[in-house]
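This report refers to the structure that appears directly beneath it.
Numbering (the working numbering), first residue to last: 4 to 580.
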């Protein structure tokens with residue numbers, strides 16, 4: 004009888020275990036730091052071959068987290084005791100918390116044989132994390148890079164804020180030489196290096212201050228890690244290097260369905276093309292055609308639409324000028340591509356740009372701007388001559404005459420003094436009086452010089468003063484009045500004398516460098532880093548490059564000279580303060 008009962012219990016156990024679905028979710032722990040990664044393990048177990056999984060695992064609402072990664076693995080085996088096929092699916096999900104405190108994670112759902120199975124919801128606790136990632140051991144100064152929006156599209160910017168923390172406020176002024184991240188899979192553009200007011204109520208009883216803000220453009224999809232920002236802490240004893248934390252971004256791939264000629268433009272843009280030459284268009288003579296791209300996004304990093312080649316005209320590589328500033332949604336402003344185009348024939352010609360499209364992250368759709376066309380009419384040289392008015396022809400003839408024909412020599416014989424046969428005593432007496440007056444003036448001058456020398460010898464010698472005072476006095480004596488140069492450059496720009504304009508800019512730069520006892524532009528750039536800051540030094544190097552590019556450009560545009568003059572006035576006004 005006892006053996007029969009044992010047999011019945013074994014049968015009941017096998018029946019209960021046969022045909023069973025188990026699903027569970029377990030976190031690696033329940034208490035997390037805000038910088039920790041939450042690892043969830045989802046296990047789905049099917050006991051029996053008759054079960055059919057009709058839907059994939061449906062995760063709960065994870066908007067309070069940033070998805071860092073996920074992966075799954077499956078396995079199956081036959082239970083020899085019950086002859087039951089057991090299939091197991093294990094999924095791992097890695098999450099980064101976006102908020103602190105108690106966070107609820109909902110149920111995971113799955114449909115099997117027309118029946119929905121779900122897990123029980125649970126809560127985890129996320130506490131404030133330690134923002135001090137890497138520190139200088141001797142100065143107790145900490146850098147922290149903060150990025151709020153860590154989930155962006157490819158080539159879409161996100162704003163990063165660099166803060167410094169320390170219990171000693173005096174340490175803030177010692178933090179210098181900030182170096183922004185540099186990595187192939189992202190582009191970084193500074194917004195500003197203006198320091199904010201010191202916040203005494205920072206994390207962990209430490210004061211904080213914003214050092215810099217910059218835009219980060221990830222140019223590849225996936226999980227992109229923004230490297231650390233470095234800075235130096237300068238003291239009288241030594242110089243220490245400190246690093247900030249690293250931040251991981253979840254970069255979403257751009258949606259499918261992009262136009263075939265779409266490259267990497269992300270933002271909101273507009274394209275226009277126009278003729279910048281004021282004169283009539285003449286065949287086989289150069290003219291300026293400008294392709295203007297304006298808007299906000301990855302404006303300085305995207306591929307610009309070019310002018311396509313055509314048998315009707317010859318086109319040369321453009322000169323790029325930009326008028327951009329950092330914005331909340333990227334770099335905003337306009338970029339001008341100034342092309343030199345030479346029509347090959349007279350008659351109507353159509354200058355076409357490449358087709359252009361961009362992705363708008365706000366509307367999450369592609370915008371196709373197509374191809375821009377500039378219709379022009381080129382004239383032959385004979386047609387240009389016939390269309391000129393009488394006054395224009397006279398002016399041209401006069402200018403040609405003055406340029407090619409030498410000016411005749413003036414007749415100097417009319418200015419000769421005729422000889423007189425009669426002797427004039429009045430002229431002799433007048434000359435003698437003049438000689439006597441000159442002699443008396445010379446003797447008076449010598450007497451005055453001797454008296455002045457005696458007075459100088461009796462004046463006590465002033466103390467030389469310190470080296471710093473002497474250097475300051477010499478610098479004040481050598482100080483260049485940059486405003487005079489600015490007015491002169493404005494006149495040269497208006498008159499179109501660009502050769503003299505660039506000579507004057509070089510002279511201004513030389514005078515300002517002499518004022519600070521700097522011989523070369525390279526030495527002056529290093530001097531500006533310590534004297535005026537890294538932002539002014541970088542602005543000086545950028546302006547020097549722009550001046551050289553504009554100086555040797557075969558065709559100079561008034562817009563480029565205007566932009567260059569504004570940059571010169573702004574920079575040298577800062578330096579000469």
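No residue lacks a Cβ here, since even glycine has one placed at the ideal position from N, Cα and C.
Closer than 6 Å by C-beta to residue 120: which residues in its own chain qualify, once you throw out the five before and the five after it? Chain order, please.
The residue given as residue 120 occupies position 117 in the chain shown. Closer than 6 Å at Cβ, skipping near neighbours: 24, 26, 113.
Helix, strand or coil: which one does DSSP assign to residue 40?
The residue you call residue 40 lines up with position 37 of the chain shown. If DSSP states are grouped into helix, strand and coil, residue 40 belongs with coil.
With respect to the beta strand (DSSP E) encompassing residue 113, which residues constitute its N-terminal and C-terminal limits?
Stepping through the chain shown from its first residue, residue 113 is reached at position 110. 112-115 is the span of the beta strand (DSSP E), which, as asked, contains residue 113.
Between residue 94 and residue 73, which are expected to be in contact by the criterion C-beta below 8 Å, what is the C-beta distance as a whole number of angstroms?
Within the chain shown, numbered from 1, the residue matching residue 94 stands at position 91. Within the chain shown, numbered from 1, the residue matching residue 73 stands at position 70. The Cβ separation is near 7 Å, so the contact holds.
Should residue 272 be labelled buried (16 or more other beta-carbon atoms within 10 Å of its own) or exposed?
As a position in the chain shown, residue 272 is number 269, starting the count at 1. Buried: at least 16 other Cβ atoms inside 10 Å.
Residue 108 and residue 63 - do their beta-carbons sit closer together than 8 Å?
Locating residue 63 in the chain shown gives position 60, where the first residue counts as 1. Locating residue 108 in the chain shown gives position 105, where the first residue counts as 1. Closer than 8 Å, so yes.
Out of 51, 126, 354, 198, state which residue places its alpha-carbon closest to the alpha-carbon of residue 29.
Position 26 of the chain shown holds residue 29. When each option's Cα is compared against that of residue 29, the closest is 126.
Pull up the distance between the alpha-carbon of residue 128 and that of residue 547, whole angstroms please.
Indexing the chain shown from 1 puts residue 128 at position 125. Indexing the chain shown from 1 puts residue 547 at position 544. When rounded, the distance between both Cα atoms is 55 Å.
Cβ contact (3+ pairs, closer than 8 Å) linking the region 557-574 and the region 347-363:
no
Between the C-alpha atoms of residue 288 and residue 282, what's the straight-line distance to the nearest angstrom?
Position 285 of the chain shown, counting from 1, holds the residue named residue 288. Position 279 of the chain shown, counting from 1, holds the residue named residue 282. Rounded to whole angstroms, residue 288 to residue 282 spans 11 Å at the Cα level.
Where does the unbroken alpha helix (DSSP H) through residue 504 begin, and where does it stop?
Here the question's residue 504 lines up with position 501 in the chain shown. 501-518 is the span of the alpha helix (DSSP H), which, as asked, contains residue 504.
Figure out for me which residue from 559, 540, 234, 302 has the closest Cα to the Cα of residue 176.
Position 173 of the chain shown holds residue 176. Considering only alpha carbons, the answer is 234.
Output the boundary residues of the beta strand (DSSP E) element that contains residue 355.
Numbered from 1 along the chain shown, position 352 holds the residue referred to as residue 355. Counting along the chain, the beta strand (DSSP E) containing residue 355 begins and ends at 350-355.
Going by C-alpha distance, which of 210, 197, 542 is nearest residue 2?
No answer is possible for residue 2: it lies beyond the span of the chain, which begins at 4 and ends at 580.
Could you work out which residue in 502, 338, 575 is closest to residue 514 when comparing CA atoms only?
As a position in the chain shown, residue 514 is number 511, starting the count at 1. Selected option, being the one with the closest Cα: 575.
List, from N- to C-terminal side, the alpha helix (DSSP H) runs of 4 residues or more that fit wholly inside the region 85-113.
none
Would you list the one or two residues that DSSP bridges to residue 384?
In the chain shown, the residue the question calls residue 384 occupies position 381. In the DSSP output, where bridge partners are listed per residue, residue 384 has none listed.
If residue 167 sits next to residue 146, beta carbons under 8 Å apart, how far is it from one beta carbon to the other, in whole angstroms?
Stepping through the chain shown from its first residue, residue 167 is reached at position 164. Stepping through the chain shown from its first residue, residue 146 is reached at position 143. So it is a contact: roughly 6 Å between Cβ atoms.
Through-space distance from residue 324 to residue 180, alpha-carbon basis
Taking the chain shown and counting its residues from 1, the one referred to as residue 180 is at position 177. Taking the chain shown and counting its residues from 1, the one referred to as residue 324 is at position 321. If you take the alpha carbons of residue 180 and residue 324, they lie about 28 Å apart.
Could you name the residues of the same chain whose beta carbon sits closer than 6 Å to that of residue 372, not counting the 5 residues immediately before and after it, in chain order?
Looking up residue 372 in the chain shown gives position 369. Excluding residues within five positions, the ones whose Cβ falls inside 6 Å are 274, 359.
Whose C-beta lies closer than 7 Å to the C-beta of residue 199 among residues of the same chain, with five residues either side of it excluded?
Translated into positions along the chain shown, residue 199 becomes position 196. So the list reads 212, 213, once near-sequence residues are dropped.
Within a Cβ cutoff of 7 Å, which residues of the same chain sit near residue 540, ignoring the five residues on either side of it in sequence?
Here residue 540 is taken as the residue at index 537 of the chain shown, counted from 1. The residues are 528, 531, 532.
Have a look at residue 110 and residue 204 and give me their C-alpha separation to the nearest angstrom.
By 1-based counting over the chain shown, the position of residue 110 is 107. By 1-based counting over the chain shown, the position of residue 204 is 201. Spanning the two alpha carbons is a distance of roughly 39 Å.
How about residue 338 and residue 388: do their beta carbons lie closer than 8 Å?
Stepping through the chain shown from its first residue, residue 338 is reached at position 335. Stepping through the chain shown from its first residue, residue 388 is reached at position 385. Not in contact: residue 338 and residue 388 (Cβ atoms no closer than 8 Å).
Using three-state DSSP, classify residue 34 as helix, strand or coil.
Here residue 34 refers to the residue found at position 31 of the chain shown. It is a strand residue.
Given a cut-off of 8 Å on the beta-carbon distance, is the pair residue 76 and residue 97 in contact?
Reading the chain shown from its first residue, position 73 is the one you call residue 76. Reading the chain shown from its first residue, position 94 is the one you call residue 97. No, the pair does not count as a contact, with Cβ atoms beyond the cut-off.
At the level of alpha carbons, what is the spacing between residue 216 and residue 188?
As a first step, residue 216 is located in the chain shown; it is residue number 213 there, counting from the start. As a first step, residue 188 is located in the chain shown; it is residue number 185 there, counting from the start. C-alpha separation (whole angstroms): 20 Å.
Starting from residue 1, trace the alpha helix (DSSP H) in both directions and tell me its first and last residue.
Shown here, the chain extends from 4 to 580; a query on residue 1 therefore has no answer.
In chain order, which continuous runs of the beta strand (DSSP E) of length 3 or greater are located wholly inside the region 172-257?
178-182, 189-195, 210-221, 225-229, 233-237, 242-246, 250-255
Would you please state the rounded distance, in angstroms, between the beta carbons of residue 157 and residue 223? I believe it to be under 8 Å.
Taking the chain shown and counting its residues from 1, one reaches residue 157 at position 154. Taking the chain shown and counting its residues from 1, one reaches residue 223 at position 220. The Cβ separation is near 7 Å, so the contact holds.
If you compare alpha carbons, which of 257, 378, 431 is closest to residue 362?
Indexing the chain shown from 1 puts residue 362 at position 359. Closest by alpha carbon: 257.
When 385, 52, 260 are compared against residue 116, the one with the closest alpha-carbon
Taking the chain shown and counting its residues from 1, one reaches residue 116 at position 113. Checking every option, the nearest Cα to that of residue 116 belongs to 52.
Excluding the 5 residues preceding and the 5 following residue 582 in the sequence, name in chain order all residues of the same chain whose CB lies nearer than 8 Å to its CB.
Look at the range of the chain in this structure, 4 to 580, and you will see that residue 582 is not part of it.
Would you check if the distance between the CB atom of residue 130 and the CB atom of residue 36 is smaller than 8 Å?
Position 127 of the chain shown holds residue 130. Position 33 of the chain shown holds residue 36. Against a cut-off of 8 Å, the Cβ pair of residue 36 and residue 130 comes out as a contact.
Whole-angstrom C-beta distance between residue 160 and residue 301, which should lie under 8 Å
If you number the chain shown from 1, residue 301 lands on position 298. If you number the chain shown from 1, residue 160 lands on position 157. About 7 Å separates the two Cβ atoms, so the contact holds.
Straight-line Cα distance separating residue 191 from residue 583:
Here the chain has residues from 4 to 580 only, and residue 583 is not among them.
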